[in-house]
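Report on the following structure.
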Amino acid sequence: MDNKEIKSKLKAAREALKNKNYEEAENICKVILDFDEKNYNALVFRAVANVETKHAEEAISYYKQAIEINPDQVLAWQGLCSFYEKNSSSNNKTELIPIYEKLQVLYESEKDKQLEVLKKYVALCSEFGFVEKAIPVYQKLLCLSGESSTESVKLLQDMSQLLNKHKDISEQYGNVLISNYRKALDNKDLPADDKKWLAANYIFSLLKNDDQEFLLSEISQLKDSHPDNSTVIEYCLLIELDSKIGYLVPSFDDSFKKLMEKLATIDESSAVLSICRGVYSILSKDYKVATEHFREGLERDPLLFCAHYYLSLSLYYLHDKNLVDKASNIGIKASQKKTGRLTVSVNQLTTGLYLLQAKMSLENTSLGVLNNMVKLLIDTESSNIEIQITLAYLYIKLEKYQQAEECVEKLAESESAEVVALKGWLLFHQGNYEVALQKLLAAVSEYPESSKFLLMLGRIYWQLKDSHTDNQESSNYSEKSFKSFLQAAKLDPYNCEIFLYLGHFYLHVQQDKEKARKCYQKAFNLDPENSDVGAAFCDIMMDTGDVGDESVLEYLKSVTTKAGPGGAKWAWLRLGLKYLKNEDPNNAVISFQAALRPDPLDFHIWECLGEAYINRGSYTAALKAFTKVTEAKSFISRFLDKRILDACEEAICYLTRAASQRPDLSCIWKMLGDACTILNVVDINNFRKLMVPCKLTTANAPNPENKISLHKISIMELGSKCYGKAIKCFPECSSLWHDLGVSFMYQTKEIEAMYLRKGQHKSVEVERKAQKVIEILKQAVTLDPQNFQHWNALGVAACTEVVYNPRLAQHCFAKAIQLDSNNVVPWTNLGALYLRNQNLLLAHEAFSVAQSLDPNYVTCWIGQAFIADTVGHDEAMDLFRHTTELGNHVESLIGYGHWVCSMLLDETKHDTSLYRYNIERMSVVPAACDALSKYTERIQDSAVAFNMYGLLLERHGLHSMAEKAFSKAIDLLEKEKNENSEFQLKVQCNLARILSTLGDFKGALDQYKIIGSNLDFGGTCGLALTLFKAGQFYESYQEYSKALQMTEEFDSQVMTAQAIALLNMGKIKEAVKLLMTGSQMSVPSVEGLKALCAIALIRADHVLASAVVQELTKIEDPKGDHLADITWLCAAEFFAKDEVKAGCNYIRRTIQKYPWKASLWILLAKAIMWFAPEDTQMASTCVLYAQQLDESLNKDVAPILVQSLLAAGLHCARNGNRNGFSVAQKAYHVHPDDLSSMLNLIPGIHAGALIKQCVIEKAPDNLYFTEMMFLDHVLLELS
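Take the sequence shown: its letters are residues 1 to 1279, numbered as in the UniProt record's numbering.
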């Protein structure tokens, strides 16, 4: 068949196809292909015929053969493409992708066809998510679309939709999208809706790039080129709104308002427009309307992140604490998503929201909330001035004035009204009212529209009203405070605190109860959770009598019902008192119990509760309540030195006012003297300068109402002057002379201490004052010789160091006893005098009489303890312990601590019944720690006390606190300038040891370096141990070598330590040799023998192991400290020889001898688990028995118990107490910070999950998820 005939037949086949004679066409093509099997057209025509006759596979085969013959011919590609398109399926669509790719090339010269193929291709790629293939095609389509703006926008929409579906890939194509958006926006023929869509997506894409400068530039250009595009206008407004996040008073220029008005004409329903209107409502102080606008904006567009800030800001101005917290948290949570419309950093938004929460918390009285806010602001690590200002206010609220001062120092360069007001507020809380007033006046003059400044100014005036003695001046301050509060209320009608103080003014100054009630009610309506407001409102209601008892009762019930646990203490207390008044003791008891929850030490409420119990007839409960009263009062009587300063300072101010009005009353001057003299107990290190009125110190002061700061000695001298004024009013009063003499005596003592601190000897001034004390007290005795107190005070004065006169003192005490033989004080003082003169018998008799007169008088018991200590009696420690139970006397505290330390250090007493009773049974170490804690709080210049305190803390396991105590002791010793004293070296050794324990090896080595060559044997061993812990094994070995040369008593122990250092250096032979040498000494080290045995077992040296084991069994171990280790090594010898049964039997025989040793039972359990796993149930029995013997082992044995139970198959609820899963859970709950407890819980969870899966035939996903969570945590900890 020639070519001419083939062409004729192909023509005939084409006509047959055209006439739908598909079988004829196929037959013709078959004939052609029999002659020419690679005829391209015949294959294509036959494929078409097969398509029409529904022979799909044959058709596909013929098309592919044709393509293979001539891949650059378009006909077969078209046919195959048409077939796949008509027969749409997932597989066929996949086949279409390479066909479309080929057709793109073949249609290169035919743009229309190429465009059609590209559209189909890109749609298919989008459907399958082939982003990398689709994006270049989209770009090509955009180029081919030319001037067709509608077509370009449609393509961009499809392209954007594709990238949004695949956000993980979209970031790398973001710039492609942005550039195409920008090109499309330049087309002026775009419809308005398309322009709006393009602008919105273009700007949103720019937001994702985090290029602030480029974003602002582009939006500015778009505003010029598209002035009527609502989206562009919205973003212009958003930029301004976002930039003001963090501002409490945002400000906007006229252009902002014009844009807002323009947006209103274009799109009235815009969410951004609602936010703008809300902001202007804030500026016009219409906060409720502002809140509605912001909520409306968020409903329209939840992605407007700035709306969360401005909503919180409007609620902040409404002083709604709960809603501010809620709105801020919603905003913080929303900002974590990346899909929001925010033109500034997310950090700026969250910082602003945290700032509002913190400022709102200043109206909260909960210390926990305030401390959380402090931590939150510190964690923001922001240099924002507002953050520092708010932090300072929080510290002031928490009474942490030093931290507040540090914040103020950071703001030193700023002279803004806010900073000036902050400085004034800090000074106000520190008691410097006059300077604080000047600061606030300056702040108000600079910013008169601040209700906050006016409130603070009013509070300062209110305080000054109470501080001034002059009635006219006090009245002036009252009026000024009222004006400030009134102005503040007009500017901020939502602040309950303003109305609270207005109520105080009306009640206490104008005595208008009705106006006061209205103000309190307004304050309560604004903030029902404020305890001060609630208490004031309740009290005024009960006081005025305008409402009946039932109304008050209902009011209190409603408050307590709404309050959370531990809240509304004031309401519970008043409710209880109401019930008590109405003779309803049952409800009164419930109310008082609720009032006690937030403050269990409030003895006033305990007294009320006791009364309620009595009325109910519960006398036993009442007795317990009144016992609590005494305990609470005892707790309050602890050394609260810093509180007494505040109380005395306030008392001095009030008494000065009283003395100004009635200077002729001696009782006022006497109380002033008492207020100044009572401060003698406060340690000089705890003493702060007190602010006292100038008129007390200077007769003709230019500003008598001002205050001056005085230190301790000056305050005490002021007390003497006040007693002098009282004596002038009433010179015949002997008690005033007595008080004056005692005041001078305390001054003498303080001045003498001052000279000692300076390193000087007693001066003429001290001697002069001491002689004056004697003369004054003699005058008191002369005026009233029958008053035993005067004789007693004179005797005490005669015992002072400066004018020591034992004969006069003895005579005075004897005279005092003669006048009042039943008084415990002179008897005790007489005993102290005898004790000082070493007359122990007479001292004992005097103290015994005092004890019989008042068994609770602590000082006489201290005297007896000193006598026992002097003669070395064992009861001394018990006596000192008893004194600490009677009261907090410094001598009892230091004495008890000293005796506990002495007994702990004296190893000869460790086996005595006295040691077992006092140290082990009475738990004296915690009690002694508490005693020395109180002592060092009062007496802060005793290095000995701090050293003992550190030793006891170390013994108690409180290493960080011990380190602070030792450091304090060293600081005190260094101030004494007695360097390299033996005691200081010991303290430095103690500090080095504790630093080593804490892991601060560098600090420990520095301390040892300071001590240098003065190290004793113990110190040298401590240095060697620290070097060992620090990984410096060679240096450690050398130090141990030095220790060997210092003593022969512990040679074997030191050699053992050297051997361990050598082992860590890899020198095993030398270590073994050293251990062998140590084992041959007369008193070998048990630890050395154990180490030698372990090495022998590891190296399979059975001969050496047997020899060492024989030596170990000969060791005397009365306490059984080494019993478990020796038993284990002996059993390990059998295990090393694969004699498992013999090893377990050896442990069992040892248990038969010492069945009370819990450690042996645990040892047997471990041996069974490791070497005889078939008996794991017995192992769990051993562990459970060990727990019964020693409950303190619970944490240590939990892992082996869990493992043994799980290995024995005891891991589900039906096994009762022997449930591995349950035991693992309990161990984790008790020790959640312990990694081993978590590791044991994981197999327990897995076992529980498998059992549950078998029972319910379904995987318990929650248990498996929990297991994976714990595994992740463990891996994280290990990494």
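We put the beta carbon where it would ideally sit given N, CA and C, even for glycine. As the structure is a computational prediction, the values presented were derived from the model and not from experiment.
If you follow the alpha helix (DSSP H) that residue i is in, where does it begin and where does it stop?
{"i": "M373", "result": "L367 to T380"}
{"i": "P98", "result": "S90 to L106"}
{"i": "F1134", "result": "L1123 to A1136"}
{"i": "Y354", "result": "V346 to S361"}
Please determine, among the options, the residue with the shortest C-alpha to C-alpha distance to residue i.
{"i": "L283", "options": "V249, A307 and E405", "result": "V249"}
{"i": "L367", "options": "Y395, V346 and I378", "result": "Y395"}
{"i": "L953", "options": "D549, I994 and C989", "result": "I994"}
{"i": "S923", "options": "A962, D878 and L886", "result": "D878"}
{"i": "D683", "options": "H711, V1072 and V824", "result": "H711"}
{"i": "L356", "options": "L323, A1100, K628 and L342", "result": "L323"}
{"i": "T53", "options": "D1234, A1227, K1067 and E24", "result": "E24"}
{"i": "R955", "options": "I939, M903, L1005 and D911", "result": "M903"}
{"i": "R916", "options": "V900, M1046, Q521 and N615", "result": "V900"}
{"i": "L342", "options": "A563, Q1188 and L304", "result": "L304"}
{"i": "V559", "options": "N582, V533, E268 and V692", "result": "V533"}
{"i": "L1164", "options": "M1178, A1057 and W1156", "result": "M1178"}
{"i": "residue 1324", "options": "K244, L259 and F83", "result": "Residue numbering for the chain in the displayed model covers 1 to 1279; residue 1324 lies beyond these limits and cannot be assessed."}
{"i": "L486", "options": "L500, K102 and S475", "result": "L500"}
{"i": "E1049", "options": "A876, M1081, Y1034 and D379", "result": "M1081"}
{"i": "N21", "options": "R46, L33 and H844", "result": "R46"}
{"i": "A753", "options": "I727, I939, E58 and S913", "result": "I939"}
Compute the Euclidean distance between the alpha carbons of residue i and residue j, then round it to the nearest angstrom.
{"i": "Q818", "j": "V742", "result": "22 Å"}
{"i": "I275", "j": "K326", "result": "19 Å"}
{"i": "D168", "j": "G340", "result": "Because D168 carries a pLDDT of 47, less than 50, the predicted location of this residue cannot be relied on, and no value is offered for it."}
{"i": "N3", "j": "V51", "result": "27 Å"}
{"i": "K909", "j": "S942", "result": "28 Å"}
{"i": "S634", "j": "Y949", "result": "The pLDDT assigned to S634 is 48, lower than 50, so where the model puts this residue is not dependable, and the model offers no usable value."}
{"i": "F524", "j": "A417", "result": "30 Å"}
{"i": "K986", "j": "H898", "result": "16 Å"}
{"i": "L756", "j": "I678", "result": "22 Å"}
{"i": "E449", "j": "G673", "result": "46 Å"}
{"i": "residue 1284", "j": "A793", "result": "This structure cannot speak to residue 1284, because the chain is shown only from 1 to 1279."}
{"i": "I636", "j": "V1223", "result": "With a pLDDT of only 41 at I636, under the threshold of 50, the placement of this residue in the model should not be trusted; the figure read from the coordinates follows. Roughly 43 Å separates the two Cα atoms."}
{"i": "Y107", "j": "Q114", "result": "5 Å"}
{"i": "I713", "j": "Y723", "result": "15 Å"}
{"i": "S660", "j": "S709", "result": "20 Å"}
{"i": "G1220", "j": "K333", "result": "41 Å"}
{"i": "D1006", "j": "A1043", "result": "19 Å"}
{"i": "S848", "j": "F813", "result": "16 Å"}
{"i": "Q771", "j": "V803", "result": "7 Å"}
{"i": "Y173", "j": "L313", "result": "Low per-residue confidence applies at Y173: pLDDT is 48, beneath 50, and the placement is therefore not dependable enough to give any value."}
{"i": "A16", "j": "V105", "result": "31 Å"}
Taking Cβ to Cβ, would you say residue i is nearer than 9 Å to residue j?
{"i": "L241", "j": "V272", "result": "yes"}
{"i": "S551", "j": "L575", "result": "no"}
{"i": "F946", "j": "A969", "result": "yes"}
{"i": "G999", "j": "K964", "result": "no"}
{"i": "D820", "j": "F866", "result": "no"}
{"i": "V796", "j": "A809", "result": "yes"}
{"i": "L690", "j": "I652", "result": "yes"}
{"i": "A392", "j": "L353", "result": "no"}
{"i": "Y63", "j": "L43", "result": "yes"}
Which residues share a DSSP beta bridge with residue i?
{"i": "L304", "result": "R341"}
{"i": "I708", "result": "V692"}
State yes or no: is the C-beta of residue i nearer than 8 Å to some heavy atom of the ligand MG?
{"i": "R14", "result": "In the structure on display, the ligand MG does not appear, and there are no ligands present to speak of."}
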